[in-house]
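Accompanying notes for the structure given below.
In my numbering, the protein residues as written are 221 to 715.
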């Protein structure tokens, strides 16, 4: 395993709490509706559980999340990542129009105050989603331009091309005439080189950290090419709270973001797609990515090891331990769907997620077997009212495996070392302070027995996870691992 490139200037330091975190990602409009939302006067909400592809709001709110904190505690969750919560005219709220106001449909600023207080009493962190690349047509500065045209003093806050603006009447022959995210007229792109824009966005970032949020997941981070902005962003946030978590959205391997001057971590899509390719095998279903031209590829253990080697070559150990290790998200097909409901494969990949370097993140509802294709179907309502639809065996497995993650320091902070990678079998170790974990997988349909050296690992191993037909034997410096088809093994040793 190549050593991580220590190219951090200044040296990268990531929040300690992240390394022992088990995250739970929530899409607020679809997670839980409180009784307060149901009684708001003068509003019309969609029926809870309406098809996810329908426009409109189903009424999930922040008070509803508070109502479910006991449930999340049984999952051993100690960190929440919320997709955007600020005032917006879209149910996903990636179209913000007021960055200082939590959407009234989510309960407003008072609801966020209550959620933060309740979570912090439980030693649970809350990371918010920051949309800083673009705003919406309703954002006050863009609205000012719509009303005043070339006379607006806010012209330079965006990238205006000509007049009159076409924010609603654009089409293939007559495009909108300002820069926007993914060429969508509803999402005008900020000019972050404008000092007014910079000051505004930096103040937003600082404001909510001082309010009590524990970090930012930054949407479309790579769309803002201005490195000076991101350096100022980090300095501003870390001055408000040195332990605030900064995680950027990136779909590739991007070492420039994790060199100590911008983010702490990235959403670890490269690890997710490699793991899905290895554990999914022939069961992988199409449609995981937002772009239909991109497809998951079936890979073997050698390729999985190479992908992890590439990550370790690109990133400092501090970054690896803080990566947000997702398997799916609000932008992808759900895990159950992607692996075609193969329970053995799903259990394997979950064990991998909970034992690999980085902070595992569960997408809401995966633990009960919610299944759907990609956007927008993956944003369905959590079926609280229909527990008979839940996969209770899956839920119990999640509880067990998240408990395992939080029980062992080696799985949170330990060094990573690949011990064996060939064909269908992949084995690695995590080690710290005399505690060693050995994690092994057979992703194939045939039995396998392998020998591995445990020299420099030491200890007397006990089996923490594995079926009766999967096990180990051997002396102190040599182990024989026996895998039944589609099985996994977790051994723990203390010196």
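From the three backbone atoms N, C-alpha and C, an ideal C-beta is built for every residue, glycine too.
Under the three-state reduction of DSSP output, residue 509 falls in the coil class, being neither helix nor strand. Annotation: residue 431 to residue 333 spans about 8 Å, alpha carbon to alpha carbon.
Sequence-distant Cβ neighbours of residue 233 in its own chain, meaning closer than 7 Å and more than five residues away, are 538.
For the pair residue 674 and residue 571, the Cα-to-Cα distance works out to about 21 Å.
The Cβ atoms of residue 547 and residue 243 do not sit closer than 8 Å to each other.
Secondary structure at residue 558: helix, using DSSP grouped into helix, strand and coil. Within a 10 Å sphere around the beta-carbon of residue 520 sit 16 or more other beta-carbons, which makes this residue buried. DSSP, read as helix, strand or coil, puts residue 632 in helix.
Contact annotation: residue 247 and residue 550 have beta-carbon atoms nearer than 8 Å. Residue state for residue 703 is assigned as strand, using DSSP reduced to three classes.
By the CB criterion at 8 Å, residue 401 and residue 353 fall inside the cutoff.
If the five residues before and after residue 628 are omitted, its C-beta is found closer than 7 Å to the C-beta atoms of 655, 657 and 712, all from its own chain and listed in chain order. Per DSSP, the continuous alpha helix (DSSP H) segment holding residue 339 begins and ends at 328 to 341. Around the beta-carbon of residue 250, 16 or more other beta-carbon atoms lie within 10 Å, marking it buried. Going by beta carbons, residue 581 and residue 291 fall outside the 8 Å limit. For residue 429, the secondary structure class from DSSP, reduced to helix, strand or coil, is helix. With at least 16 other beta carbons inside 10 angstroms of its own, residue 314 counts as buried.
For residue 704, same chain residues with a beta-carbon under 8 Å away, outside a window of 5 residues either side, are 662, 667, 687, 689 and 690 in chain order. By the Cβ test, the segment 585 to 602 is in contact with the segment 272 to 279, since at least three Cβ pairs between them sit closer than 8 Å. Annotation for residue 669: 702 place their beta carbon closer than 6 Å to its own, counting only its chain and skipping 5 residues before and after. DSSP lists 348 and 466 as the beta-bridge partner residues of residue 436. Listed in chain order, the non-local C-beta contacts of residue 326 below 7 Å within the same chain comprise 248, 281, 282 and 305, local neighbours out to five positions each way being set aside. With fewer than 16 other Cβ atoms from the protein chains shown falling within 10 Å of its own Cβ, residue 263 counts as exposed.
When beta bridges are read from the DSSP output, residue 655 appears opposite 652 and 714. Contact annotation: the segment 560 to 574 touches the segment 493 to 500, with at least three C-beta pairs closer than 8 Å.
In the structure shown, the three-state DSSP call for residue 242 is coil. Judged by their CB atoms, residue 467 and residue 481 are not nearer to each other than the 8 Å cut-off. Membership of residue 400 in any beta strand (DSSP E) is not indicated, and neither H nor E is assigned to it by DSSP. In this structure, residue 398 and residue 381 form a Cβ contact; the two beta carbons are roughly 6 Å apart against a cut-off of 8 Å. DSSP, reduced to helix, strand and coil, places residue 354 within a strand of the structure shown.
Secondary structure at residue 668: strand, using DSSP grouped into helix, strand and coil. Residues 521 of the same chain have their beta carbon placed closer than 6 Å to that of residue 642, with the five preceding and five following residues left out of the count.
Residue 585 carries a coil assignment under DSSP once its states are collapsed to helix, strand and coil. As the crow flies, the alpha-carbon of residue 269 is around 31 Å from that of residue 499. Counting along the chain, residue 302 sits inside the beta strand (DSSP E) bounded by residues 299 to 302. Annotation: the continuous alpha helix (DSSP H) that includes residue 530 extends over 521 to 534.
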